[in-house]
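Each protein sequence line maps, in turn, to chains S and C.
When the letters of the first sequence are read in order and numbered with my numbering, they come out as residues 280 to 592.
When the letters of the second sequence are read in order and numbered with my numbering, they come out as residues -1 to 319.
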Amino acid sequence: MLRRMLAFTLRRLVVAIPTLLAIATASFFLMRAAPGGPFDTEADLDPEVLENLYTAYGLDKPLLEQYGVYLANVLKGDFGPSLVYEDFNVTELIAIGLPVSARLGVIAMLVALLLGGTCGIVAALRHNRLFDHATMTMAMTGIAIPSFVTAPILALFFGLYLKLLPVAGWNDGAAANMVLPVIALALPQLAIIARLMRGGMLEVLRANFVRTARAKGLPERQVVINHVLQSAAVPLVGYLGPALAGIMTGSLVIELIFDLPGVGRYFIQGALNRDYPLVMGIVIVYGTLIILLNLLSDLAYAALDPRVRRTYR
Amino acid sequence: MSPLLEIRGLSVRFDVGDATLTAVRDLSFDIAEGQCVGIVGESGAGKSQTFLAALGLLAENAKAEGSVRYRGREILNVPRRELDTLRGRRIAMVFQDPLSGLTPTLRVGRQIEEAARRHLGMNARQARAKAREMLETVRMPDAEHCLDAYPFELSGGMRQRVMIALGMICRPDLLIADEPTTALDVTIQAQILGLLAEMRRELNTSIVLITHDLAVAAGLCDRIMILYNGRLMESGTTSEVFTSPKHPYTAGLLASLPSLASDPATDLPAISGQPPDAFVTTPGCAFAERCLQVMDRCRIERPVLAAHEGRHAAACHLNTK
C-alpha cells in the first residue's frame, strides 16, 4: 500500500510539470496582453531612456523569444529581476515576502481548523438546539463580513482602544504582532470550516452504520470518534488544500491594513505596475503550492477512506 | 416468569413537517425465551420500527410511547447509559443492508471486536481471537484474512455473515434480524437462514426474524405475527397461521404466494388496493378497505387481538361472531 501511494505521488508530480508549464505560458501572455508597461509613470520618460530600459531588460525582443528566454531562466532557477523594485530580483522579493505570508497563513489555518472543526462537530451533535443555531448564525456572519471590515475593527479595538496589541507592523514576526492578522485571516476560514464539518457530521450521523454502532452498545462518544469523524472529515479535506495555498500566498487586504511585508502585497503591486517577472514568479510559486497541497489533500482522502485508496494507481 | 421481551401498547410516531405519521399503533405482544418469532408484513407495516423503538434506535424525528420490558425491566425511553449495557450484550440487531450497515472506513475485525471489548472486558488480543472464532462460527471462508478486510472488499453474503458474527459475539439472549436475507440471492439466503437456525440451536438464542417473505418466516420460525398498518393482525404458531389463517389479510398473503405448481400464464391472486395511509387513523379495521369479507361493523369498530396470551388469534370480527 505504501509503495502504491509512493507511485501515485510520483506520477502526480510528473503530471504537475506540464500543468506548471501551462500556468506559466498562460500568465506570461496574459500579462503581456494587458495594456501599459512597467515604466509607465506620471512623469513621461525620455523616449531614449525608455528604449534603453527596454533593451536592458530584453523587452525589445520579439515576444516569443522573450518567452523562450524567460522559461530557460526559470528552469535554471532564475525568476529574473524585478522591473519596479530596483536592486531586487524576484527570487529575493519572494524570499522576503513568502515566509511572512506563509507563517501567518499556516497559523491562521491551524487556528481555524481547530476551533472551526470543534464548533462544527459540537453543532452537529447538538443539531437543532441552541448551540447549533448560535454557531451557525455566527458562522454565516463570519463568512459574510469581509476582512477589510474585521481587520480595522480588530486594530481599533485591541490596538487603539484597549492598547493590548500593536495596531500594525511586523516587528520581525513578534508574537504580539501576529495576533490580530491571524485572527482576521482565521475568522472567515473558521466559519467555513465549521459549516463544512457540521454538514459532514450530520450526513454521516444519519448513516446506517452509525445505527449499527449504536446497536452494539457503544457510548455516543465512541460512536462519534470511531465511526463518524473519519467519514465526516472528507468534505473538509477537499476544501483545505486550495484554501491553504490561497491563505499562504498572502492576503493583500490584511497585509496592507496591518502593514506586513508579505508576498500578497508584491503580487498586487506587481500586477498594477506591470512588473512582469515579479507577477510571473509569484504565480508560479502559487501554482506549485496549489498542486502540492491538492496532492496532499488527495493523499489525505486516501488516508481517510480505504475505498479511495484502492482507486489510486 | 416474565417473558424475555414484553411489548405493551407500543406506538411510534414520526413528525414529518406539520403532519404526524404513525408507524406503530398500540402494539402488544410477547417474545418468550428460546422462541423464534417471525414478524411478517408489507413494507411500511411497522415491523422494523417496532424493534428500533425497543432498542432506542429510532430516527431523530420519531417518538415512541408505551412499554417495552426486557425480563421485566422497562427499557423504552430509558437513558442512553442504561440502554448501552443492554444493546449488543443482551439484545443484538442484524440489519438488512450489510454494505451500508458496516462502517466503510474500519476493518471488519475491528468492528466485530468492538462489542466484545466493550461488554466482555476483553483486551485487543482476546477480542481479536474471539472475532476470528465468530467468523469461523458463521462459516466465513478464510476468517483470518477477513478480519483485516474492509466491508467493500467482501461479497454481500460475506458481509451478512460479518453482521451476524458482530451481533452474536457477546452471545445475546435475543437476536433481532431485520430482513437479513433480502439483499441476497436465494442460495446465500438459504445459507444465512440455516446459520441463524444453527445459532439458535447451539447458543439457545431467541430470534426475531423481521421479513416481508412468508416463506422465509415459515422456514425458521415457531411463531408468526402478521403486522399491517402498524397493528398486529394475527398471531399463532407457524403451522396454525399457515394451515388455518384466521385473518382475511393472512389468507390473502398466503394465496398470493407463488408455488411451483402455479401456472405462469395466469396471474397470481393479489390483494387488491393499497395499504392504508400512515398519516390517517380510521376508527375501524385498517384492512377493511381491501377485505373481501368486509362487514358494516368493520368500518366502525376496530377488532382487537390479545396475542400475548399465546393462543392463535386474529384481530378480525369474523372470529367473534
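We put the CB at the ideal spot given by N, CA and C, even for glycine.
Review point. Nearest chain S C-beta to Arg85/C closer than 7 angstroms, yes or no?
Key: Yes, contact with chain S.
Point to revise | Residue from Gly99/C, Val106/C, Asn121/C and Ala51/C with nearest C-alpha to Ile89/C | key: Comparing Cα-Cα distances from Ile89/C to each of Gly99/C, Val106/C, Asn121/C and Ala51/C, the minimum goes to Ala51/C.
Exercise for review: For the stretch 285 to 297 of chain S, enumerate the residues whose C-beta is nearer than 7 angstroms to any C-beta of chain C, in chain order.
Suggested key: Cβ contacts with chain C: none found.
Point to revise | Beta bridge counterpart(s) of Met223/C as assigned by DSSP | key: For Met223/C, the pairing in a beta bridge is given by DSSP as Ile37/C and Ser233/C.
Exercise for review: Grab the span of the beta strand (DSSP E) containing Val14/C for me, first residue to last.
Suggested key: First-last of the beta strand (DSSP E) with Val14/C: Leu3 to Val14.
Point to revise | Neighbouring residues, chain S, relative to Gly99/C (Cβ below 7 angstroms) | key: The contacting residues are Asn487, Phe488 and Thr491.
Point to revise | Euclidean distance between Cα positions of Leu393/S and Val587/S | key: For Leu393/S and Val587/S, the gap between their C-alpha atoms comes out near 25 angstroms.
Exercise for review: Starting from Lys61/C, trace the beta strand (DSSP E) both ways and give me its first and last residue.
Suggested key: Here the beta strand (DSSP E) through Lys61/C covers Ala60 to Tyr68.
Point to revise | Beta carbon of Pro178/C nearer than 7 angstroms to that of Pro102/C | key: Cβ atoms of Pro178/C and Pro102/C: not closer than 7 angstroms.
Check your understanding: Would Asp16/C count as contacting chain S if we go by Cβ distances under 7 angstroms?
Key -> No, Asp16/C lies away from the interface with chain S (no Cβ there is under 7 angstroms from its Cβ).
Review point. In terms of residue numbering, what span does the beta strand (DSSP E) encompassing Ala90/C cover?
Key: Segment Ile89 to Val92, the beta strand (DSSP E) holding Ala90/C.
Exercise for review: Assign Gly456/S to one of two classes, buried (16 or more other C-beta atoms within 10 Å of its C-beta) or exposed (fewer than that).
Suggested key: Checking the sequence, you will find Asn at residue 456/S rather than Gly. Buried.
**Study point:** Reference Arg229/C; option with closest CA among Gly165/C, Gln187/C, Gly39/C and Phe277/C
**Key:** Comparing alpha carbon positions, the residue from Gly165/C, Gln187/C, Gly39/C and Phe277/C closest to Arg229/C is Gly39/C.
Point to revise | Buried versus exposed, by CB contacts within 10 Å (16 or more), Met476/S | key: Per the 10 Å Cβ criterion, buried.
Exercise for review: Provide the residue span of the alpha helix (DSSP H) that contains Glu22/C, from first to last.
Suggested key: The question names Glu, but residue 22/C is Val in the sequence shown. It is not in any alpha helix (DSSP H) - Val22/C instead sits in the beta strand (DSSP E) that spans Ala17 to Ile29.
**Study point:** Short CB-CB distance (under 7 angstroms) between Pro498/S and chain C
**Key:** Interface annotation, Pro498/S: in contact with chain C, CB-CB separation under 7 angstroms.
Point to revise | Asn368/S (DSSP reduced to helix, strand or coil) | key: Reduced to three states, the DSSP call for Asn368/S is strand.
Review point. In or out: His506/S buried (at least 16 other Cβ within 10 Å) or exposed?
Key: With 16 or more other Cβ atoms from the protein chains shown falling within 10 Å of its own Cβ, His506/S counts as buried.
Check your understanding: Taking the alpha carbon of Met231/C as the point to measure from, which residue in Thr18/C, Ile37/C, Ile29/C and Arg11/C has its own alpha carbon closest?
Key -> Nearest to Met231/C by alpha-carbon distance, out of Thr18/C, Ile37/C, Ile29/C and Arg11/C, is Ile37/C.
Review point. Would Thr264/C be called buried (16 or more neighbouring beta carbons within 10 Å of its own) or exposed?
Key: Flag for Thr264/C reads exposed.
Exercise for review: Give the range of the beta strand (DSSP E) segment to which Leu172/C is assigned.
Suggested key: It spans Leu172 to Asp176 - the beta strand (DSSP E) in which Leu172/C sits, taken as one unbroken run.
Point to revise | Partners in chain A for Pro585/S, counting only beta-carbon separations shorter than 7 angstroms | key: Among the protein chains of the structure shown, namely S and C, there is no chain A.
**Study point:** Cβ pair count under 8 angstroms reaching 3, the stretch 422 to 440 of chain S against the stretch 477 to 487 of chain S
**Key:** Contact between the stretch 422 to 440 of chain S and the stretch 477 to 487 of chain S is absent: fewer than 3 CB-CB pairs across the two stretches fall below 8 angstroms.
Practice item. Would you mind giving the Cβ-Cβ distance between Asp176/C and Ile208/C, rounded to the nearest angstrom? I have them listed as a contact below 8 angstroms. Key: The beta-carbon separation of Asp176/C and Ile208/C, rounded to 5 angstroms, stays under the 8 angstroms limit for a contact.
Review point. With contact counted as at least three CB pairs below 8 angstroms, one residue from each stretch, are the stretch 486 to 503 of chain S and the stretch 568 to 584 of chain S in contact?
Key: Verdict: no, contact absent.
Check your understanding: Between which two residues does the alpha helix (DSSP H) containing Ile208/C stretch?
Key -> It is not in any alpha helix (DSSP H) - Ile208/C instead sits in the beta strand (DSSP E) that spans Ser204 to Thr209.
Review point. For Ala403/S, which residues in chain C fall below 9 angstroms Cβ to Cβ?
Key: By Cβ distance, chain C contributes nothing, its closest Cβ being about 12 angstroms from Ala403/S, past 9 angstroms.
**Study point:** Partner residues on chain S for Asp220/C, Cβ-Cβ distance less than 9 angstroms
**Key:** Listed along chain S is no residue with a C-beta nearer than 9 angstroms to that of Asp220/C; the closest approach is about 24 angstroms.
**Study point:** Proximity test, Cβ basis, 7 angstroms: Ala494/S and chain C
**Key:** Yes, its Cβ sits closer than 7 angstroms to a Cβ of chain C.
Practice item. If I'm right that Leu25/C touches Leu8/C with Cβ under 8 angstroms, what's the distance once you round it to whole angstroms? Key: Rounded, the Cβ-Cβ distance is 5 angstroms, consistent with contact.
Practice item. Would you kindly check if the distance between the Cβ of Thr414/S and the Cβ of Cys398/S is under 7 angstroms? Key: Taking C-beta atoms as the reference points, Cys398/S and Thr414/S count as a pair closer than 7 angstroms.
Check your understanding: Taking DSSP as the reference, what is the three-state secondary structure of Ala141/C?
Key -> In this structure, Ala141/C counts as helix in the three-state DSSP scheme.
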